[in-house]
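Below is one structure; the comments refer to it alone.
There are 2 protein chains.
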Amino acid sequence: MRRIKTLAVVGVGLIGGSFAQAIKRADAGTTVVGHDRDPRALERAIELGIIDTAAESASDAARQADLVFVAVPVRQIGGVLRDISASLGAEAVVTDAGSTKAEVVRIARDSLKDRFARFVPGHPIAGRESSGVDSAIPDLFRGARVVLTPSPETAPDAIEIVRGCWEAAGARVAQVAPETHDQIFAAVSHLPHLLAFALVSEIAARDNAQDLFGFAAGGFRDFTRIAGSSPEMWRDIALQNRDALLWELDQYGTRLAVFRELIERGDGPALERLMREARGARASWIASTRRSASSE
Amino acid sequence: MRRIKTLAVVGVGLIGGSFAQAIKRADAGTTVVGHDRDPRALERAIELGIIDTAAESASDAARQADLVFVAVPVRQIGGVLRDISASLGAEAVVTDAGSTKAEVVRIARDSLKDRFARFVPGHPIAGRESSGVDSAIPDLFRGARVVLTPSPETAPDAIEIVRGCWEAAGARVAQVAPETHDQIFAAVSHLPHLLAFALVSEIAARDNAQDLFGFAAGGFRDFTRIAGSSPEMWRDIALQNRDALLWELDQYGTRLAVFRELIERGDGPALERLMREARGARASWIASTRRSASSE
Numbered sequence: 001m002r003r004i005k006t007l008a009v010v011g012v013g014l015i016g017g018s019f020a021q022a023i024k025r026a027d028a029g030t031t032v033v034g035h036d037r038d039p040r041a042l043e044r045a046i047e048l049g050i051i052d053t054a055a056e057s058a059s060d061a062a063r064q065a066d067l068v069f070v071a072v073p074v075r076q077i078g079g080v081l082r083d084i085s086a087s088l089g090a091e092a093v094v095t096d097a098g099s100t101k102a103e104v105v106r107i108a109r110d111s112l113k114d115r116f117a118r119f120v121p122g123h124p125i126a127g128r129e130s131s132g133v134d135s136a137i138p139d140l141f142r143g144a145r146v147v148l149t150p151s152p153e154t155a156p157d158a159i160e161i162v163r164g165c166w167e168a169a170g171a172r173v174a175q176v177a178p179e180t181h182d183q184i185f186a187a188v189s190h191l192p193h194l195l196a197f198a199l200v201s202e203i204a205a206r207d208n209a210q211d212l213f214g215f216a217a218g219g220f221r222d223f224t225r226i227a228g229s230s231p232e233m234w235r236d237i238a239l240q241n242r243d244a245l246l247w248e249l250d251q252y253g254t255r256l257a258v259f260r261e262l263i264e265r266g267d268g269p270a271l272e273r274l275m276r277e278a279r280g281a282r283a284s285w286i287a288s289t290r291r292s293a294s295s296e
Numbered sequence: 297m298r299r300i301k302t303l304a305v306v307g308v309g310l311i312g313g314s315f316a317q318a319i320k321r322a323d324a325g326t327t328v329v330g331h332d333r334d335p336r337a338l339e340r341a342i343e344l345g346i347i348d349t350a351a352e353s354a355s356d357a358a359r360q361a362d363l364v365f366v367a368v369p370v371r372q373i374g375g376v377l378r379d380i381s382a383s384l385g386a387e388a389v390v391t392d393a394g395s396t397k398a399e400v401v402r403i404a405r406d407s408l409k410d411r412f413a414r415f416v417p418g419h420p421i422a423g424r425e426s427s428g429v430d431s432a433i434p435d436l437f438r439g440a441r442v443v444l445t446p447s448p449e450t451a452p453d454a455i456e457i458v459r460g461c462w463e464a465a466g467a468r469v470a471q472v473a474p475e476t477h478d479q480i481f482a483a484v485s486h487l488p489h490l491l492a493f494a495l496v497s498e499i500a501a502r503d504n505a506q507d508l509f510g511f512a513a514g515g516f517r518d519f520t521r522i523a524g525s526s527p528e529m530w531r532d533i534a535l536q537n538r539d540a541l542l543w544e545l546d547q548y549g550t551r552l553a554v555f556r557e558l559i560e561r562g563d564g565p566a567l568e569r570l571m572r573e574a575r576g577a578r579a580s581w582i583a584s585t586r587r588s589a590s591s592e
């Protein structure tokens, strides 16, 4: 990891706090300055030793920083980038943790203007059931994947600095185009969240909702776990990644119609074949995640 | 629990084996005779002390039994009931563990004829990741719900005998009509299984399936866990509960179309409201399951 003398963290919650802890653990000489809209979060972050000083504004936090980590909800990233744009040092690098990337890149280009080459968009695939700075842990990113989505004009040394930080935090870093990122996550993350919210929404709206929930068991609990996620966050992700998500939703609708047709006409062999292929694909995936986890 | 001198278990797997263990633990005087299409399962069940003797056929197993527990895949229940019908003692009670009930009741009425009043249809809501008699444990049903779906002509004493056994196994017993059972489980179990199989099926069919799975994380793993279930079993459930499942699928499609519409026109407030209601309903349900678990 390249030495980070001063790290600015804008948005001192689970992700921002955990990143700060991981960097401080990798290099005890790093000073962390934090900013958050919520003064109590800043206070707690100082009490917990996660940040060294609190800044009044994002631009104040960014002023002395070698690296600015923007860990706010995805629709607030643009505002933060506009705030810090004028106060960034010549060599300062900026990165983020937003769950969608094409729209963030578009906004960053507008907001940062000639500093856009120092912006390295990122998305750590990590989380916990609980949020907020009190839940931050330095090992949050150990073994997690982090996706960086630089543009052709992004400075190679900026990419290396951000990649080095994530690797020091124990993450496995991948690099893809922003649009590719958004298509991938529409399929494996945004769509499942939408499907889970919709199922709970449908059942909760029924007159016999209490009976239905009363007989729901472990399978339903696991299937709908992601419907326990933050409504603000998932509203924003759905709207920011709208086109890719709608495309996935329509593809899924077509696939579901195939299953429906097989059930309606009672085609057991074809139905079993599709289910068997799905189970096999999932089993291979689970096996591969175990292999990559054990090779770390 | 009413004394069961001889318990016959037809289908000595996870469910049948665990039921036998639970009953033997409640009354060490019970003799268990088992039958299975797979002779190795019978051998293991004897080695493990789960059954006392192995029968050559379901009708042989049933001949001396006070209670016959039919724990075979749902589409094989009819065949077993026809086999045992002539060898049942006058007071013998028969119950099953099938995941759908209306079709089982229809078949039982045809197969058992004048013995139908001694048949108490049942559905234990329990399972483990692993199956087979080697995974059987006497505590499998502790705290689990068991749904009984008797008909108007079912003998009250037969219902009480089966209820007593399940309660001795630690289960909480509910009683509903077979059609109500099937509607409830179409919504909270069969539909989610279908949705999970369809999502994995859709992703596995893509040219970039490896990339997609490569970035899938914990949310995807939980959401699709039930797509790791037995394809034969879920094919049968989908076909046996076809009408209720198709109805649920269509209701779900309508709900999903509402979400789609909100995303397409960028209606953040309405989208967030639906997600927030869903999250709240799920949180209340989770809280209620914790309360009922801790009150046992």
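Chains as they are written, first to last, in the working numbering: chain R, 1 to 296; chain A, 297 to 592.
Yeah, the Cβ is synthetic: ideal placement off N, Cα and C, and Gly gets one too.
Quantities reported herein were computed from a predicted structural model and do not represent experimental measurements.
Assuming contact is defined by CB atoms lying nearer than 8 Å, are residue i and residue j in contact in what I supplied?
i                 : j                 : result
Gly325 of chain A : Val305 of chain A : no
Gly13 of chain R  : Ala71 of chain R  : yes
Ala577 of chain A : Val200 of chain R : yes
Asp478 of chain A : Thr396 of chain A : yes
Thr450 of chain A : Ala473 of chain A : no
Ala90 of chain R  : Arg551 of chain A : no
Gly122 of chain R : Val162 of chain R : yes
Ser18 of chain R  : Pro138 of chain R : yes
Leu245 of chain R : Leu194 of chain R : yes
Val442 of chain A : Ala467 of chain A : yes
Gln251 of chain R : Glu339 of chain A : no
Val74 of chain R  : Ile237 of chain R : yes
Gln21 of chain R  : Ala136 of chain R : yes
Asp379 of chain A : Thr302 of chain A : no
Glu272 of chain R : Glu528 of chain A : yes
At which residues does the alpha helix (DSSP H) containing residue i begin and terminate?
i                 : result
Phe412 of chain A : First-last for Phe412 of chain A: undefined, no H or E at that position.
Arg145 of chain R : Here Arg145 of chain R belongs to no alpha helix (DSSP H); instead the beta strand (DSSP E) covers Arg145 to Leu148.
Leu14 of chain R  : Leu14 to Ala26
Ile455 of chain A : Pro452 to Ala464
Ala45 of chain R  : Pro39 to Glu47
Gly510 of chain A : Ala505 to Phe511
His193 of chain R : Leu191 to Ala204
Val80 of chain R  : Ile77 to Ile84
Phe220 of chain R : Gly218 to Phe223
May I ask which residues mark the beginning and end of the beta strand (DSSP E) holding residue i?
i                 : result
Asp305 of chain R : For residue 305 of chain R there is no data in the structure shown, the boundaries of chain R being 1 and 296.
Thr327 of chain A : Thr327 to His331
Gln547 of chain A : Counting along the chain, Gln547 of chain A falls outside any beta strand (DSSP E), though it belongs to the alpha helix (DSSP H) covering Arg538 to Glu560.
Val364 of chain A : Leu363 to Val366
Val306 of chain A : Thr302 to Val306
Kindly indicate if chain D contains any beta-carbon less than 8 Å away from that of residue i.
i                : result
Ser18 of chain R : Within the model displayed, chain D is absent; protein chains R and A are what it includes.
Might you give, ordered along the chain, the residues of its own chain that have their beta carbon closer than 7 Å to the beta carbon of residue i, omitting 5 neighbours on each side?
i                 : result
Ala278 of chain R : none
Arg109 of chain R : Phe116
Pro192 of chain R : Ile226
Lys320 of chain A : Thr326 and Val328
Glu592 of chain A : Interpretation of Glu592 of chain A is limited by its pLDDT of 44, a score under 50 that renders its predicted location unreliable; the figure taken from the coordinates is listed afterwards. So the qualifying residues of the chain are Gly439.
Gly78 of chain R  : Ile107 and Ser111
Gly11 of chain R  : Asp36, Val70, Ala71 and Val72
Ignore the nearest five residues each way along the sequence and tell me which others in residue i's own chain have a CB closer than 6 Å to its CB.
i                 : result
Arg63 of chain R  : Ser87
Ala26 of chain R  : Met1 and Ala168
Trp462 of chain A : Val442 and Val469
Arg556 of chain A : none
Leu408 of chain A : Leu377, Ser381 and Phe415
Leu102 of chain R : At residue 102 of chain R the sequence reads Ala, which differs from the Leu that was named. These residues qualify, in order along the chain: Pro178, Glu179 and Asp182.
Where DSSP assigns a beta bridge to residue i, which residues make up the other side?
i                 : result
Gln471 of chain A : A:Leu444
His646 of chain A : Coverage of chain A is limited to positions 297 through 592, which leaves residue 646 of chain A absent and any answer about it impossible.
Ala350 of chain A : A:Gly330
If I measure Cβ to Cβ from residue i and keep anything under 8 Å in the same chain, skipping five residues before and after, which residues do I get?
i                 : result
Leu274 of chain R : Val258, Phe259 and Leu262
Which residues, taken in chain order from the segment 475-489 of chain A, show a beta carbon closer than 9 Å to some beta carbon of chain R? Thr476, His477, Gln479, Ile480, Phe481, Ala483, Val484, Ser485, Leu487, Pro488 and His489
Select from the segment 258-281 of chain R all residues with a C-beta closer than 7 Å to any C-beta belonging to chain A, and list them in chain order. For chain A, the residues of the segment 258-281 of chain R that bring a beta carbon within less than 7 Å of one of its beta carbons are Phe259, Arg260, Ile263, Glu264, Gly266, Gly268, Leu271, Glu272, Leu274, Met275, Arg276, Glu277, Ala278, Arg279 and Ala281, in chain order.
Using Cβ-Cβ distances below 7 Å, what residues of the segment 237-260 of chain R are close to chain A? Ala238, Leu239, Arg242, Leu245, Leu246, Leu249, Gln251, Tyr252, Arg255, Leu256, Phe259 and Arg260
Cβ-based contacts, 9 Å cut-off: residues of the segment 89-102 of chain R near chain A: none
Contact residues within the segment 433-450 of chain A, judged by C-beta distance below 9 Å to chain R: For the segment 433-450 of chain A, the residues whose beta carbon sits under 9 Å from a beta carbon of chain R are, in order, Ala440, Arg441 and Val443.
Interface residues of the segment 507-518 of chain A facing chain R [CB-CB below 9 Å]: Close to chain R, meaning a Cβ-Cβ distance shorter than 9 Å, are the following residues of the segment 507-518 of chain A: Asp507, Leu508, Phe509, Gly510, Phe511, Ala512, Ala513, Gly514, Gly515, Phe516, Arg517 and Asp518.
Below 9 Å between beta carbons is the criterion; list the residues of the segment 195-207 of chain R that meet it against any residue of chain A, in chain order. Contact residues of the segment 195-207 of chain R toward chain A are Leu195, Ala196, Phe197, Ala198, Leu199, Val200, Ser201, Glu202, Ile203, Ala204, Ala205 and Arg206 (C-beta to C-beta distance below 9 Å).
Given a limit of 9 Å on CB to CB distance, which residues of the segment 330-341 of chain A reach chain R? Among the residues of the segment 330-341 of chain A, none has a Cβ less than 9 Å away from any Cβ of chain R.
Closer than 7 Å, Cβ to any Cβ of chain A: which residues of the segment 108-125 of chain R, in chain order? Ile125
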